[in-house]
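Participant:
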RNA sequence: GUGGUUGUAGUUCAGCUGGUUAGAAUAUCAGAUUGUGGUUCUGAGGGUCGUGGGUUCGAGUCCCAUCAACCACC
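Numbering (this note's numbering), first residue to last: 46 to 421.
1. Please check the pair residue 317 and residue 334, which I expect to be a contact at CB under 8 Å, by giving their CB distance rounded to whole angstroms.
2. Let me know if residue 373 comes out buried or exposed under the rule of 16 or more other beta-carbons within 10 Å of its beta-carbon.
3. Is there contact here, the segment 338–346 with the segment 360–373, by at least three beta-carbon pairs under 8 Å?
4. If you reduce the DSSP assignment to three classes, tell me which class residue 422 lands in.
5. Report the rounded CA-to-CA distance for residue 114 versus residue 227, giving the unit in angstroms.
6. Starting from the C-beta of residue 30, find all residues in its chain whose C-beta is less than 7 Å away, skip the five residues before and the five after it, and write them out in chain order.
7. Cα separation between residue 332 and residue 152?
8. Pick from 72, 142, 320: whose alpha carbon is nearest that of residue 170?
9. Could you give the DSSP three-state label for residue 257: helix, strand or coil?
10. What do you reckon, are the CB atoms on residue 187 and residue 179 nearer than 8 Å?
11. What is the DSSP secondary structure of residue 68, counted as helix, strand or coil?
12. Looking at residue 54 and residue 407, is the spacing between their C-beta atoms short of 8 Å?
13. What first and last residue would you give for the beta strand (DSSP E) that runs through residue 158?
14. By the three-class DSSP mapping on this structure, what secondary structure does residue 148 have?
15. Name the DSSP beta bridge partners of residue 293, please?
16. Can you name the start and end residues of the alpha helix (DSSP H) that residue 106 belongs to?
17. With burial defined as no fewer than 16 other Cβ atoms inside 10 Å of the residue's Cβ, what is the status of residue 136: buried or exposed?
18. Among 376, 242, 258, which residue has its Cα nearest to the Cα of residue 273?
19. Assign residue 117 to buried or exposed, taking buried as 16 or more other Cβ atoms, counted over all protein chains shown, within 10 Å of its Cβ.
20. When you compare only the Cα positions, how much space is there between residue 336 and residue 420?
21. Three Cβ pairs or more, each shorter than 8 Å: is that satisfied between the segment 312–326 and the segment 377–396?
22. Between which residues of its own chain and residue 401 is the CB-CB distance below 7 Å, once the five residues before and five after are set aside?
23. Near residue 79, which residues of its chain fall below 6 Å by C-beta distance, leaving aside the five closest residues on each side in sequence?
24. What does a CB cutoff of less than 6 Å around residue 428 pick up in its chain, not counting 5 residues either side in sequence?
25. Suppose only complete runs of 3+ residues qualify. What are the beta strand (DSSP E) ranges in the segment 297–339, listed by chain order?
26. Going by C-alpha to C-alpha distance, which of 49, 309, 93 sits closest to residue 387?
27. CB residue 72 to CB residue 398, shorter than 8 Å?
28. List the residues that DSSP assigns as beta-bridge partners of residue 137.
29. Alpha carbon to alpha carbon, how far is residue 247 from residue 64? Give it in angstroms, no decimals.
30. So, residue 239 versus residue 206, is the Cβ gap smaller than 8 Å?
31. Residue 191 and residue 233 - do their beta-carbons sit closer together than 8 Å?
32. Please name the residue in 251, 270, 106 whose C-alpha comes closest to that of residue 198.
33. Could you please give the first and the last residue of the uninterrupted alpha helix (DSSP H) stretch that includes residue 372?
34. Check whether the Cβ atoms of residue 154 and residue 209 lie closer than 8 Å to each other.
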C-alpha cells in the first residue's frame with residue numbers, strides 16, 4: 046500500500062492524497078460506505094460503483110465471522126469474490142462490537158468473549174484470531190483489534206483500556222508478520238488511537254500508535270455519544286501527532302458537517318452508517334438541508350429529490366414519489382434514499398478534494414455547513 | 001315482509017354482573033439515529049360509544065324506538 050499526498054490546504058490541516066491498494070486507487074479525503082455483513086444494505090455492487098462512485102467499502106469482522114462464516118468466505122476466495130466488489134475493502138475488527146454489544150461480552154487480557162447475537166453461542170476474539178479472520182476475509186485494510194470504551198467513562202478505566210488496546214496492537218502486528226496473505230495480495234494493518242475524551246490520554250495513545258509506524262492510522266472511540274466539540278478536539282489532538290505522510294481514518298464519523306470539519310483537521314478517511322441507516326428511516330441529506338421524507342409537507346412536492354446531487358436516483362425521482370414509497374413501506378424507497386445519501390456523501394468529499402486543491406476549502410466549508418444543517 | 005347477528009378512534013377490535021378521565025393494535029402527525037443485531041426507537045393528536053328517547057345517584061353496558069350492514073327464512 047502506498048499513500049501520496051498531493052495537496053495541502055493553506056488555511057487548515059486539510060489535504061488531498063491518493064491511496065494505492067492491491068484493488069485500486071482511492072482519492073482522499075474519502076467516505077467509505079458501510080457494508081457490515083458484506084452488503085451495503087439494499088445496494089448492489091454495480092450501483093455502488095457506477096452510480097454512487099464508491100471507491101472502497103467496509104465489512105465487519107465480527108459479523109462476517111458469525112455469518113456466513115470464515116470457511117465459506119475462504120471457499121469463495123475472499124470477500125471481494127463473494128460479494129462481487131473488486132475495489133478495495135476495509136474491515137473493522139470487531140472492536141466496536143465490544144462497545145455496541147456490551148451486554149453480550151466479557152473483556153479479558155487475552156481477548157473478548159462474545160455471545161453471538163444470532164444464537165447465543167460463545168466466541169473468543171483475540172488479537173491473533175481477529176487478524177486471521179481478516180486475512181480470510183481478504184480485506185485490503187485490516188483494523189487492529191481494540192476496545193472502544195463507552196462515553197462517559199472514568200479516566201482510570203479509559204487509561205487501562207487504552208493500554209490494553211496498545212498491547213493488543215502489538216499482538217496484531219506480530220500475528221500479521223507470522224500469517225501469510227491467503228489470496229496473494231498485500232493486506233495492510235491500521236492501528237487505532239483510543240484515549241476516550243481525556244486530552245492527555247489521547248495524546249499518549251496517538252504517540253504510542255505513531256511509534257508503531259504502520260502504513261495508516263485510525264482514530265476510534267469517538268462518535269459514541271460525546272458532544273461534537275469533544276469529538277473535534279480529540280480528532281485534532283490525534284491529527285497533530287499522527288504522521289503527516291500516512292492516511293488518517295476517523296472511525297464512525299459522521300454527519301456531513303462532521304466530515305467537513307474533520308477534513309479541516311487533517312482526516313483522510315471516513316465511514317458511517319448514517320447515510321444508509323438514516324436513509325432507510327427517511328432522513329435525506331441534501332445541499333439545501335435535511336429532509337424527513339415521511340413528513341406530510343412532501344406529499345405533493347414533485348421536484349427532484351436533490352437537483353444538485355449528480356446521481357440518477359436523486360434527479361429522476363420526486364420527493365412526492367419517495368414519500369409515497371416510504372408510506373407504503375416499499376423496498377425501493379429505502380434503496381433510493383440510501384443511494385441518494387451515499388451519492389451526496391461521495392459528492393461532498395469529491396467537492397472537498399476540489400476545494401482543497403484550489404485552496405478554497407475553508408471558506409467553502411464554512412458557508413456550506415449551516416445550509417446543510419438546516420431542517421427543511 | 002319475518003326472525004336473528006352486529007354497530008365503540010381513520011381501520012380492526014377489547015371493554016366482566018351498570019361505577020373515576022372509554023383502552024389496545026394499526027394508521028396518521030412529529031422527533032431520534034455517528035467503526036449498523038433492527039422496514040428500529042420515542043412521543044403526540046385522534047371518540048357526542050350509529051341516532052333519539054327511557055330506567056337509574058350513575059348507562060358503552062339495561063329497556064323502547066329508529067337507522068344501517070350482514071345472515072337465515074318467506
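Cβ coordinates follow ideal geometry from the N, Cα and C atoms, glycine included.
Facilitator: Taking the structure as given:
1. Residue 317 to residue 334, Cβ: 19 Å. No contact.
2. exposed
3. A contact exists between the segment 338–346 and the segment 360–373.
4. Residue 422 cannot be examined here, being either before or after the span of the chain that is shown, 46 to 421.
5. 16 Å
6. Beyond the ends of the chain as shown, which are 46 and 421, falls residue 30; an answer cannot be given.
7. 43 Å
8. 142
9. coil
10. Yes. Within cutoff.
11. coil
12. yes
13. Here the beta strand (DSSP E) through residue 158 covers 157–160.
14. helix
15. 262
16. 106–111
17. buried
18. 242
19. exposed
20. 6 Å
21. Judged by Cβ distances under 8 Å, the segment 312–326 makes contact with the segment 377–396, as three or more pairs qualify.
22. 52, 54, 59, 60, 61
23. 103, 316, 318
24. Nothing can be reported for residue 428: it is not among the residues displayed for the chain, which extend from 46 to 421.
25. You should have 314–316, 328–331, 334–337.
26. Taking only the C-alpha atoms, the option nearest residue 387 is 93.
27. yes
28. Per DSSP, 105.
29. 26 Å
30. Going by C-beta atoms, residue 239 is nearer than 8 Å to residue 206.
31. no
32. Considering only alpha carbons, the answer is 270.
33. Unbroken alpha helix (DSSP H) run through residue 372: 364–372.
34. yes
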